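Contents: one structure, followed by commentary.
Number of protein chains: 2
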Amino acid sequence: MYPNFIQHLKKYISLTDNDIQILSTYVKIKSIKKKEFLLEEGQTCKGNYFVETGLLRMFYINEKGTEQITQFALENWWLSDYMSLMIQAPSKFYLQAVEDSEVVVVEHQKQEELFEKLPRLERYFRIMMQRAYAASQMRVKYFHDFSKEENYRQFVSLFPKFVQRIPQYMLASYLGITPEYLSELRKKNP
Amino acid sequence: MYPNFIQHLKKYISLTDNDIQILSTYVKIKSIKKKEFLLEEGQTCKGNYFVETGLLRMFYINEKGTEQITQFALENWWLSDYMSLMIQAPSKFYLQAVEDSEVVVVEHQKQEELFEKLPRLERYFRIMMQRAYAASQMRVKYFHDFSKEENYRQFVSLFPKFVQRIPQYMLASYLGITPEYLSELRKKNP
DNA sequence: TTAATTTCTTAAACTAGCTTAAGTTTTTTA
DNA sequence: TAAAAAACTTAAGCTAGTTTAAGAAATTAA
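Taken in order, these protein sequences are the chains called A and B. Going by this note's numbering, the first sequence opens with residue 74, and the numbers climb by one from there. Going by this note's numbering, the second sequence opens with residue 74, and the numbers climb by one from there.
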């Protein structure tokens, strides 16, 4: 059903077959096609999403009306608008599939019940949130540290396979540069 | 001893007097003077720090040799280099007191034992990490969304009292602008 | 396999924010 | 309370990255 999800859980906490059985009644799997949305601006975020297969992006529309991508999520990553999810308030973000994807959904309402049944999951999610936060602390550093050009070169050399899975204008948006400037950088030194 | 810390915990989880007694054998309080360090570049981060009173900052030295502040932590906030803490590798960051401060220290070695004794703390830290990550998701948005000038005006109007506690060059560093440019912005419209 | 749509490129004019350098004001220390 | 150190200001010249506009190439749908 969702082998990556189960394997991922087992990397951080121990789970019996019975635990997994219980878990299965609290989460569901959802298939979404490329360009479909899990969340749109103005909606309240309903769930925390684990990418079983595929690729998601998080973005918002800025005041100029252009998409600003803030995150991607590949296989084995969690994605959500955690502020909207936590306080159950309308989101400014969109969550959308970049490729046809399978996601494991933990709905907000079910999450508390799930933690009561399987308190060990608090530990798993504590580790996930700490990892995500640690990554975002590093990202702030890179963001300040490097020029846009250096940021681009760094990204391409660190994640070459990922770069092949997304159109160039999405990479530009994620890096916070215009597609025109990215094009210039590639011409200069591909 | 650390009333803010205990009160903060009790906002998120229930704790008996006995729990608090156990807790007290796993954490310690540390007084640090203005400009003293909790962590310096090259050291491995040894603890997670809760600001009982005072004000801390996190920064690194960039390739031009200037300090780049990435975070501040006021009363009731946690601060650490979570990547260094998690993987116990040398840090690129400094953690320093901006004012004389009292911090509650949860040492990395003790943390796992503490979670075994008081598993409920996993929940508390899960919530703390989720809050921190949610805040950082919003911060990425503001960072992209606003010009440096708008970012400055936003910050000052949201946190006027905080702005009074830090020197201007630290605010400039946090906002990612030069002190000279900040000075110009203030002249234009204070 | 053609048309429609989406994505990418080129180049020139422009601007937000930086650099440099010198001077002034405020805070800390002796 | 004087001297030293730290923090802030001013202004001119500069550059990384944007904007605008038009066209070319690649995907997708019919």
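Glycine included, each C-beta is placed from N, C-alpha and C at the ideal position. These numbers come from a predicted model, not from an experiment.
I'd like to know whether the C-beta of residue i is nearer than 8 Å to at least one C-beta of chain B.
i               : result
A162 of chain A : no
K83 of chain A  : no
A146 of chain A : no
A245 of chain A : no
Y167 of chain A : no
S87 of chain A  : no
V213 of chain A : yes
G138 of chain A : no
Y99 of chain A  : no
Y155 of chain A : yes
S209 of chain A : yes
G249 of chain A : yes
Quick test of your reading: residue i and residue j, contact by CB under 8 Å. State the CB separation rounded to the nearest angstrom.
i               : j               : result
K107 of chain B : V171 of chain B : 7 Å
L168 of chain A : L152 of chain A : 6 Å
G127 of chain A : S174 of chain A : 2 Å
F264 of chain A : E148 of chain A : No answer is possible for residue 264 of chain A: it lies beyond the span of chain A, which begins at 74 and ends at 263.
V236 of chain A : T143 of chain B : Contact doesn't hold; Cβ gap of about 26 Å is too wide.
L255 of chain B : Y215 of chain B : Between Y215 of chain B and L255 of chain B the Cβ distance is about 17 Å, and since that is not below 8 Å, they are no contact.
Y85 of chain A  : I200 of chain A : 5 Å
M156 of chain A : A207 of chain B : 4 Å
Y242 of chain A : F145 of chain A : The pair is not a contact, with the Cβ atoms about 14 Å apart (cut-off 8 Å).
Q203 of chain B : D154 of chain A : Not confirmed; about 12 Å, so no contact.
I250 of chain B : K221 of chain B : 5 Å
Which residues in chain A have a C-beta closer than 8 Å to the C-beta of residue i? List them in chain order.
i               : result
V179 of chain B : Going along chain A, no residue has its Cβ under 8 Å from V179 of chain B, so there is no contact; the nearest lies around 13 Å.
V124 of chain B : Within 8 Å Cβ-Cβ: nothing; V124 of chain B doesn't reach chain A, min ~17 Å.
M159 of chain B : Q203, R204 and A207
Does any CB atom of chain A fall closer than 8 Å to the CB of residue i?
i               : result
S220 of chain B : no
K190 of chain B : no
K260 of chain B : no
D143 of chain B : For the record, residue 143 of chain B in the displayed sequence is Thr; it is not Asp. Chain A contact via Cβ: present.
From the DSSP output, in three-state form, read off residue i for me.
i               : result
E180 of chain B : strand
I142 of chain B : strand
E175 of chain B : strand
Y167 of chain B : strand
Y247 of chain B : helix
I239 of chain A : coil
K101 of chain A : strand
N91 of chain B  : helix
F135 of chain B : For clarity, residue 135 of chain B is Asn in the given sequence; the question names Phe instead. Here N135 of chain B sits in coil by DSSP.
Y85 of chain A  : helix
L147 of chain B : coil
E78 of chain A  : For the sequence presented, residue 78 of chain A should be read as Phe rather than Glu. Three-state DSSP puts F78 of chain A in a helix.
F110 of chain B : strand
F228 of chain B : helix
L128 of chain B : coil
L187 of chain B : helix
F216 of chain B : helix
I want to verify the contact list: residues of chain A whose CB lies under 7 Å from the CB of residue i, in sequence order.
i               : result
R199 of chain B : E195, F198, R199 and M202
Taking Cβ-Cβ distances shorter than 8 Å, what residues in chain B pair up with residue i?
i               : result
N135 of chain A : H217 and D218
S174 of chain A : In chain order: nothing, as chain B lies at least about 20 Å away.
Residue i touches chain B at which residues, Cβ-Cβ below 9 Å?
i               : result
Y254 of chain A : Within 9 Å Cβ-Cβ: nothing; Y254 of chain A doesn't reach chain B, min ~15 Å.
Discussion item. Does the contact criterion of 3 or more C-beta pairs under 8 Å hold for the stretch 99-119 of chain A versus the stretch 174-184 of chain A?
Written reply: yes
Practice prompt. Specify whether the stretch 222-230 of chain B and the stretch 109-117 of chain B touch according to this definition: at least 3 beta carbon pairs, one from each stretch, less than 8 Å apart.
Written response: no
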